[in-house]
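In my numbering, the protein residues as written are 2 to 358.
Written as structure tokens, this is what we have:
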């Protein structure tokens with residue numbers, strides 16, 4: 002991979018490669034754009050097949066965080082970290098502390114948090130070496146798990162999408178297919194069931210599906226065919242790249258609104274969804290609840306303030322859908338244009354973030 006070419010194409014400011022000899026930690030931190038403020042984004046621990054795959058992921062995820070923060074009206078930039086390791090063979094506390102030391106060397110230019118493969122207990126280890134971390138357990142002064150607030154944001158987005166497509170935000174009787182029953186997908190299922198939705202859900206972990214079936218009375222589905230399930234709303238809540246050239250013709254939904262990052266293979270998929278009359282709620286708007294919670298934590302956490310900000314997802318999506326129909330552009334193209342307008346406006350009055358004052 003030509004890293005500088007990739008950075009130039011996506012607009013990245015900085016990519017840092019970190020290696021700790023004693024623990025064997027291999028981590029990459031990408032800072033996309035700090036026009037709005039310091040880069041904020043999670044740390045993902047994942048069994049990447051190659052270093053190029055890890056670089057590609059960290060670049061895409063950090064870019065997505067820039068759009069997510071700008072769309073949510075939060076004064077933070079986009080960043081992301083990835084640790085090249087197998088989640089089955091958990092990273093040691095020493096390796097996590099080494100990662101915290103690498104974060105600390107950036108002096109606040111990057112603030113880390115939870116992502117796939119990293120939990121609150123892991124963040125406690127990271128926080129022993131740096132203050133630039135969000136999402137710590139409440140017992141350690143943080144705001145706790147972001148899954149519930151992220152799920153609330155997804156539910157808000159689903160209501161807005163239903164209202165735009167069908168004229169009513171009600172979930173009663175609506176078929177909701179959830180791909181992934183992790184911390185967000187499970188909470189989304191619980192909330193949607195409480196509002197009268199018929200929830201079909203799948204996960205590669207059969208134990209989680211069994212638990213959801215017993216506790217929530219969801220309809221279990223095959224994780225390999227969930228995308229083909231006829232439904233009103235498809236909610237991708239696992240890994241990204243769900244809508245691709247191999248899957249788009251198999252989709253049987255009216256709306257896509259979920260918490261997974263980078264759901265589209267590329268921009269062409271957004272246009273293809275529009276051609277198929279599938280209403281796509283851009284992921285970086287839909288899944289902003291966790292980021293909103295984390296940003297609120299840095300500003301003196303108030304759950305009520307965070308919840309009010311999450312409700313702003315609804316009017317923003319309505320504007321995106323309306324402008325998409327008026328212009329003929331895909332919803333993701335419109336959403337990115339709105340975000341870039343805000344960033345471009347602030348470019349004229351702000352320098353890049355260097356360190357806290």
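Note that the Cβ used here is the ideal one computed from N, Cα and C, for glycine as well.
- In this structure, residue 228 keeps its C-beta atom at 9 Å or more from the C-beta atom of residue 210.
- Using a 10 angstroms sphere on the CB of residue 141, the tally of other CB atoms stays under 16, which defines it as exposed.
- For residue 203, the uninterrupted beta strand (DSSP E) run begins and ends at 199 to 203, by DSSP.
- With the rule of 3 Cβ pairs closer than 8 Å, the segment 324 to 332 counts as touching the segment 268 to 286.
- Residue 245 places its beta carbon less than 9 Å from that of residue 265.
- In the three-state reduction of the DSSP assignment, residue 110 falls in the coil class.
- The C-alpha of residue 100 is placed about 12 Å away from the C-alpha of residue 43.
- Contact check between the segment 11 to 26 and the segment 56 to 71: three or more CB pairs, one atom from each, fall below 8 Å, which counts as touching.
- Taking the Cα positions, residue 113 is about 12 Å away from residue 28.
- Counting the other CB atoms within 10 Å of its CB gives residue 215 a total below 16, which places it among the exposed residues.
- Counted as a single uninterrupted DSSP element, the beta strand (DSSP E) harbouring residue 255 occupies residues 254 to 257.
- Put simply, the backbone Cα of residue 177 is about 14 Å away from that of residue 157.
- The beta carbon of residue 31 lies closer than 7 Å to those of 13, 16, 59, 60, 63, 80 and 81 in the same chain, with the five residues before and after it left out.
- For residue 231, there is no enclosing beta strand (DSSP E), as DSSP marks it with neither H nor E.
- Residue 223 carries a coil assignment under DSSP once its states are collapsed to helix, strand and coil.
- A distance below 6 Å between beta-carbons, with the five flanking residues on each side excluded, links residue 19 to the following residues of its chain, in chain order: 28 and 103.
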